[in-house]
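Counting with my numbering, you get residues 102 to 529 for the letters of the sequence shown.
Reading through the structure tokens given below for one structure.
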Amino acid sequence: MKSTFQTIEGTNDLLPGAQRALVRTEVWRYVERVIHEVMHRHGFSEIRTPILEPTGLVARAIGQLTDIVSKEMFTFERGDTSYVLRPELTAPIMRSYLQHHLEQQPGVQRLYYIGACFRAERPQKGRYRQFHQFGAEIIGTEDPRADADIIAVMMEVYWALELPGTKLIINTLGSAETRPKYREALVNYLEPHRGNLTEVSRDRLSRNPLRILDTKVEAERKILEQAPRLHDYLDEKSQVNYEALKRLLESIGITYVEDPMLVRGLDYYTRTAFELEHDGIGAQSALAGGGRYDLLSPAIGAKKPVPAVGFAAGIERLILAMEGSELPLPEVDSFDVWMIALGDAAGEKAFAFVQALRRAGVRAGLELTSRSMKAQMRLANRANANWVVILAEQEMKTEKATVKNMVTGEQTAVQFSRLTQNLTRKLK
């Protein structure tokens, strides 16, 4: 059968047992479980915010001149209010932090999230209109140990998933006070080269010139070789913090590459910036990225800056990288027990047994349509069942179920009255 309607381009259904890992729910649950475990181990608490946010929040936080705000947001109006499907999660989390006065709680806030985001991009490998991010934020301190801690928890997720071939790239973007001087110097250098820039970079030169630094166009990278360096414009505090960050990363065995051209695409970043790259996902090589964003809070209404640092990572890109690295990935969920029943009376009895097993903590399955023994056994095999329980005419007469070990093939007869206890004991 075929539906009249299909998924919107750039969105995906996630399905149990799907052939492609990218859309297989078992893979997603595995990845999400690892994220939760790592975050819990590092002392982060989960935060969840609404998918809908005020458009003004995102525009002021990310920057009116960024590509996201100017080209990629899904917005709509209701009355006099404009709403947006969140394109990222850092701004909503800072909004929540301020709204609920989390600064009044003792110590810094260590928050993590997993959630859907939306951008009106041209769909391609690693870029989707609905995509999913996970990330973490440390809010309330400007100590460079927080920056190193955020990078450490990010790296731990990828290590826990045993993903090879990652590369951590770091840089410092300086302070809000010194960056305008660098911006002016960069524009003065690039203006004579305007005719040799792509249309995208010419647009960025007028609106957000630092974004030109991360161009992938070889001719533009050649031009940038002689461009002013941001490091020459750093204030002393930015330099001190950056050197401390490098020492901290080295002290915990995290290797990195410095790239003075690394910038982040959102206006709220200051000082620390970093990305995690992987060469197994095509042109979209960035798995994750983040940095310090002390100026985000004043942009959305705080009376004074709230120091904060965090990272965000794409789950779709992570799964693509795992797939490309040929890592073993979950295929289908295994059942502890699969019940096979022939006949109406056996079907009702099997239904009762399945419910009892589930209440006892056993993952038990049962086909709810009338099928032959052979067909039901195929379903048990497809379900990767460890044990199969057969209730047919003979079993109903003797009130003894046939219990089959699907690994060894061994079969035993078990009294109905002892079946649940027998199976739960076998599965311990």
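Even glycine gets a Cβ: it sits at the ideal position worked out from N, Cα and C.
Delimiting residues of the beta strand (DSSP E) encompassing Gly391
Ala387 to Arg393
For the 8 Å Cβ check, are there 3 or more pairs between the stretch 277-289 and the stretch 426-434?
no
May I have the straight-line CA-CA distance separating Leu421 from Val124, to the nearest angstrom?
10 Å
Could you tell me which of Glu285, Val185 and Arg121 sits nearest to Leu331, measuring between CA atoms?
Glu285
Neighbourhood of Glu554 by C-beta, 7 Å cutoff - its chain only, sequence neighbours within 5 removed
Look at the range of the chain in this structure, 102 to 529, and you will see that residue 554 is not part of it.
Near the ligand GDP: Val358 beta-carbon under 7 Å from a heavy atom
Ligands displayed in this structure: none; no statement on the ligand GDP is therefore possible.
Starting from Pro429, trace the beta strand (DSSP E) both ways and give me its first and last residue.
Taken as a continuous stretch (DSSP letters only), Pro429 belongs to no beta strand (DSSP E), as it is neither H nor E.
Have a look at Gln205 and Leu325 and give me their C-alpha separation to the nearest angstrom.
46 Å
Compute the distance between the beta-carbons of Arg372 and Gly275, then report whether it is under 8 Å.
yes
Just reading off the beta strand (DSSP E) that Gln210 is part of, what are its end residues?
Gln210 to Phe219
My output table needs one value for Met255: the three-state DSSP class, helix, strand or coil.
helix
Tell me which same chain residues have a C-beta within less than 7 Å of the C-beta of Leu458, skipping the five on either side of it?
Val438, Ala465, Thr521 and Leu524
C-alpha distance - Arg280 paired with Thr273, whole-angstrom precision:
11 Å
Excluding the 5 residues flanking Leu396 on each side, which residues of the same chain have their C-beta closer than 7 Å to its C-beta?
Ala277, Tyr369, Thr371 and Pro406
Mapping DSSP to helix, strand and coil, what is Gln206?
coil
DSSP state of Pro155, grouped into three classes?
strand
Test item: CB-CB of Val490 and Phe517 under 8 Å
no
Excluding sequence positions up to five away, which residues of its chain have a Cβ less than 8 Å from the Cβ of Asn487?
Ser435, Phe436, Asp437, Val438, Asn506, Met507, Val508 and Leu528
First and last residue of the uninterrupted alpha helix (DSSP H) at Arg284:
Arg280 to Leu291
Please state the DSSP three-state secondary structure of Asn482.
helix
Distance check for Phe412 and Glu449, CA to CA, integer angstroms please.
52 Å
Given a threshold of 16 other Cβ atoms within 10 Å of its Cβ, counted over all protein chains shown, does Met474 qualify as buried or as exposed?
exposed
Whole beta strand (DSSP E) runs in the stretch 434-522 with 3 or more residues, listed along the chain?
438-442, 465-467, 488-492, 501-506 and 512-516
Which one of Ala447, Thr126 and Val159 has the shortest CA to CA distance from Glu500?
Ala447
Determine contact between the stretch 243-254 and the stretch 350-365, defined as no fewer than three beta-carbon pairs at a distance below 8 Å.
yes
Pairing CB atoms from the stretch 111-118 with CB atoms from the stretch 226-242, are three or more of them under 8 Å?
yes
Considering Cα atoms alone, identify which of Arg246, Glu424 and Val504 is closest to Ala122.
Glu424
Return the CA-CA distance between Tyr214 and Gln225, expressed in angstroms with no decimal places.
25 Å
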